[in-house]
Amino acid sequence: MSAPSLDTAWRRQVIAARAQSLEDAATTETASVAVLLGAPDDDFVNDLESDALDRGFATATVSLAEHSLHQLDDLLGAAAAGLRLYDVKGSRKHGLLAALEAFAAEHGREAEARFEEFADVEVLHGDLRDLALEVLGVLGGRTASRRVTAFFDGKPITLSDDTELRQLSSRTAKNGMNQLTRLLRALGYRGLRLMLTDAEALAGLTRVQREVAYTVLRELIDNADGHRGMMRTEILLIGTPALVDRVGGLRAHPALASRLLGDATVEAAADVGLPQPHRTVQWIEPPEGTTAEELAGAPPKVEAVPDSRAKALHTHLRLVRGLPPTEGLEGISVGMEALDAELSALFAHASHDSSVFAILSGDYGSGKTHRLLHLESLALAENRPVFRLSVERLDEDLGNPQRHLRRLLESSTLPGRQGHGPLEQLELWLASAAATKHLHEALEEVSMLEVPGAKAAARALRGSEEGLDVDHVRSVLGALDLEQKPGAPTYRRDAYARLHLWVELLARLADTDGPLIVLDEAENLFRAGVSRAERRTALRSLSFYCGGWIERGVVVLAVTPDTLSILRSESAELLEEIDGQATHLPEEDVTMLRRRLRSRPLSVARMGREELEELADRAYQVGCKARGLRRERSREELLETFAKGAKKPREVVQRVAQHVEGRAWSPAD
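Listed below in structure tokens is the structure:
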């Protein structure tokens, strides 16, 4: 048998490296985004699909020339309709309906009960869970197919128990992506590989569409992990180098480029060595100068990491991708002493005052996100719930609290080992008669007080003479009834009151202190396509969050330095306009926001050599533990080798982690 061509041998290496990425995603229950550049053909995409299917993963292939990231709800619908998977008999099927049919065939009459059991294990809540349960009950007829199709077409659906599903839209699509990955897990698949072909089409979008698409992609990268994010998922953008190097390519979006491209260059000569798992940028064809000797023999063996190393691997993989870890954060935190002192003072002040406010300022890649996560871990340790609200392109609703309150609740975290959020806590309160009784009593107590959340508590109690109406309470506390409301003062005030109510309920039923509220990605207010009116309404809501209305709360606005400068200069005039509007609420204290935007930010301090050395060493130790390797470099050598040309700590850490990854994948080197 003749030896395979250089291109064929190289692609086998790429397939194997991506297979290891899938195995690691399954072990760590994480998600990732990577770019495959070159001249992809159908055979290459089919090989990626077949390998994933053979490993028990579902796959979906969507062309970005036909469905774009700037319309994520449309892309999600295409992915769900185009799912490729195995059924219980080993034959290939496609589509979400086929996955539900395969599950029903495997479990028979117990399918619905078993699904609920598995959905609980995978922390699957929301519309896709309700839809799947409904469909499992009506399989075998046209109703099931119509329900699935209608949902992903964004049409309203009322289930047999009169539950109205939230319509799929740009606001709910990212949460729908998260739910789809968990639904597949509940149905028995190991995870999902989503292949977005013709990715260079992103660079050819109009300026506004491109800004939207790139911001959506950045949000998927940032929010991939976590108990509400995607799980066991790999998203591959497959396209030509034009995706990166043409005008309007990935490099045109600094926030995205810093996360996805790092310090990689597009030139093939810069892509040194054989393909490796978890590279965020990988070439489909061998770089110039690659020899047959380098590709001789079979690719490295793909193996699952033992569960005993799963936590270390989780942290290591985040560092490989240039992201701060969401677990094991303290083990990789260096130079936080000054920030810790400032944060302790903020928390102490908040415990004795109504609310405190701080600005955290830092450039892309400087460690701002790492410090935010550090801040959140400190807050949770002090028994403070963490409410996070990002100015995300998918949800042009910062200025409309009646719409973004649901998103805020979805992305928040409560203290405790489970790490669940308010909506999961709500389900626990409604899960048993005893818990519901305690909730009922707490709502009655709050409704009798002169506090901002009293009216919201009274609203939740309506019709409760015979006990709480569970569906009504779920709608009120989950803000489901507000999502489609206009931005009138009545609805904005109602949304603010419900947030106050949550703070009261958590304090009474979970013994929590005042919340930490993180407002992130404010730079999106100044991207292409955001109008002056949208910025004005956004500042209106920021005036509430930053104006001292949340009792014992700590509010942190995270921004880049250039955004803070623009925000300060432009906000004065915009806030004057808000102050003069008849619809302006007292809770939207623009005077306080104007004053607080001038406060000195908590800056991300530049690291010295000793701190960089310590940071590199910690990243190295984590990587060696994750991959079961022995140490082969000193602290000093790590810094000398991997800090050359690095401008930011993230680059140093990422290079160290990628070095460990290269050793693990190619031990002979």
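Okay, so the sequence shown: first residue is 3 according to my numbering, each after it adds one. Built from N, CA and C at the ideal position, the CB exists for glycine as well. What you are looking at is a predicted structure, and each value in this text was computed from that prediction instead of being measured.
{"Check": "Check the C-beta distance from Gly640 over to Asp619 and give it rounded, since I have them as a contact under 8 Å.", "Outcome": "Strictly speaking, residue 640 in this sequence is Leu, with Gly absent from that position. Between Asp619 and Leu640 the Cβ distance is about 6 Å, and since that is below 8 Å, they are a contact."}
{"Check": "Would you say Leu541 and Leu576 are within 8 Å of each other, going by their C-beta atoms?", "Outcome": "yes"}
{"Check": "Of the choices Gly324, Gly40 and Met450, whose alpha-carbon is the least far from that of Ala244?", "Outcome": "Gly40"}
{"Check": "If you measure between the beta carbons of Leu77 and Leu85, is that distance less than 8 Å?", "Outcome": "no"}
{"Check": "What's the gap between the Cα of Thr562 and the Cα of Asn526?", "Outcome": "11 Å"}
{"Check": "Compare the Cα-Cα distances from Val448 to each of Asn402, Arg495, Ala499 and Glu429 and report the closest residue.", "Outcome": "Ala499"}
{"Check": "My parser needs the alpha helix (DSSP H) runs of 4 or more residues fully inside the stretch 244-313; what are they?", "Outcome": "244-247 and 256-262"}
{"Check": "Do Leu321 and the ligand GTP come close, with the Cβ less than 7 Å from some heavy atom?", "Outcome": "In the structure on display, the ligand GTP does not appear, and there are no ligands present to speak of."}
{"Check": "Can you tell me which residues form a DSSP beta bridge with Phe389?", "Outcome": "Ile519"}
{"Check": "Between Gln15 and Phe349, what straight-line distance do the alpha-carbon atoms span, to the nearest angstrom?", "Outcome": "51 Å"}
{"Check": "Would you kindly work out how many angstroms separate the C-alpha atoms of Asn385 and Ala146, rounded to a whole number?", "Outcome": "44 Å"}
{"Check": "May I have the straight-line CA-CA distance separating Gln404 from His502, to the nearest angstrom?", "Outcome": "14 Å"}
{"Check": "Which runs of the beta strand (DSSP E) spanning at least 3 residues fall entirely within the stretch 545-590, listed in chain order?", "Outcome": "555-561"}
{"Check": "Would you give the residue range spanned by the alpha helix (DSSP H) that Thr235 belongs to?", "Outcome": "Note, Thr235: premise wrong, no alpha helix (DSSP H); beta strand (DSSP E) at Thr235 to Gly241."}
{"Check": "May I have the straight-line CA-CA distance separating Leu400 from Glu536, to the nearest angstrom?", "Outcome": "9 Å"}
{"Check": "Leaving out five residues on either side along the sequence, give the residues of the same chain with a beta carbon under 6 Å from the beta carbon of Arg311.", "Outcome": "Ala628"}
{"Check": "What does the alpha-carbon distance come out to for the pair Asp473 and Gly465?", "Outcome": "11 Å"}
{"Check": "Considering Phe359, what are the terminal residues of the beta strand (DSSP E) in which it resides?", "Outcome": "Ser357 to Ser363"}
{"Check": "In the stretch 152-216, which residue ranges form an unbroken alpha helix (DSSP H) of at least 4 residues, counting only runs that do not cross its ends?", "Outcome": "175-188"}
{"Check": "DSSP on Val37, reduced to helix/strand/coil?", "Outcome": "strand"}
{"Check": "Given a threshold of 16 other Cβ atoms within 10 Å of its Cβ, counted over all protein chains shown, does Val35 qualify as buried or as exposed?", "Outcome": "buried"}
{"Check": "With distances taken between CB atoms, is the gap from Trp551 to Glu589 smaller than 8 Å?", "Outcome": "yes"}
{"Check": "Would the beta-carbon of Ala33 fall within 8 Å of that of Phe120?", "Outcome": "no"}
{"Check": "Report the residue from Leu135, Glu305, Leu484 and Lys457 whose alpha carbon sits nearest the alpha carbon of Glu506.", "Outcome": "Lys457"}
{"Check": "Evaluate contact between the stretch 42-49 and the stretch 171-188, counting only Cβ atoms and requiring at least three cross-stretch pairs below 8 Å.", "Outcome": "no"}
{"Check": "Would you mind stating whether Ala648 and Leu321 have Cβ atoms separated by less than 8 Å?", "Outcome": "no"}
{"Check": "Below 6 Å CB to CB, which residues in the same chain sit around Leu441 once its five sequence neighbours on both sides are set aside?", "Outcome": "Trp431"}
{"Check": "Runs of 4 residues minimum, wholly inside the stretch 18-76: which ones carry the alpha helix (DSSP H) assignment?", "Outcome": "44-56"}
{"Check": "Mapping the DSSP letters down to three states, classify Thr415 as helix, strand or coil.", "Outcome": "strand"}
{"Check": "By how many angstroms is the C-alpha of Gly455 removed from the C-alpha of Thr492?", "Outcome": "14 Å"}
{"Check": "Does the beta-carbon of Leu262 have 16 or more other beta-carbons within 10 angstroms, so that it is buried, or is it exposed?", "Outcome": "buried"}
{"Check": "Classify Glu290: buried if its beta carbon has 16 or more other beta carbons within 10 angstroms, exposed otherwise.", "Outcome": "exposed"}
{"Check": "Does the distance from the CB of Glu287 to the CB of Trp12 come in under 8 Å?", "Outcome": "yes"}
{"Check": "Checking the sheet assignment: what are the DSSP bridge partners for Leu341?", "Outcome": "DSSP output for Leu341 lists no bridge partner at all."}
{"Check": "By Cβ distance below 6 Å, which residues in the same chain neighbour Val475 in space, the five residues on each side in sequence not counted?", "Outcome": "Ala462"}
{"Check": "Around the C-beta of Leu396, are 16 or more other C-beta atoms found within 10 angstroms, so that it is buried, or is it exposed?", "Outcome": "Per-residue confidence for Leu396 stands at a pLDDT of 45, beneath the threshold of 50, marking its modelled position as unreliable; the derived number appears in the next sentence. Buried: at least 16 other Cβ atoms inside 10 Å."}
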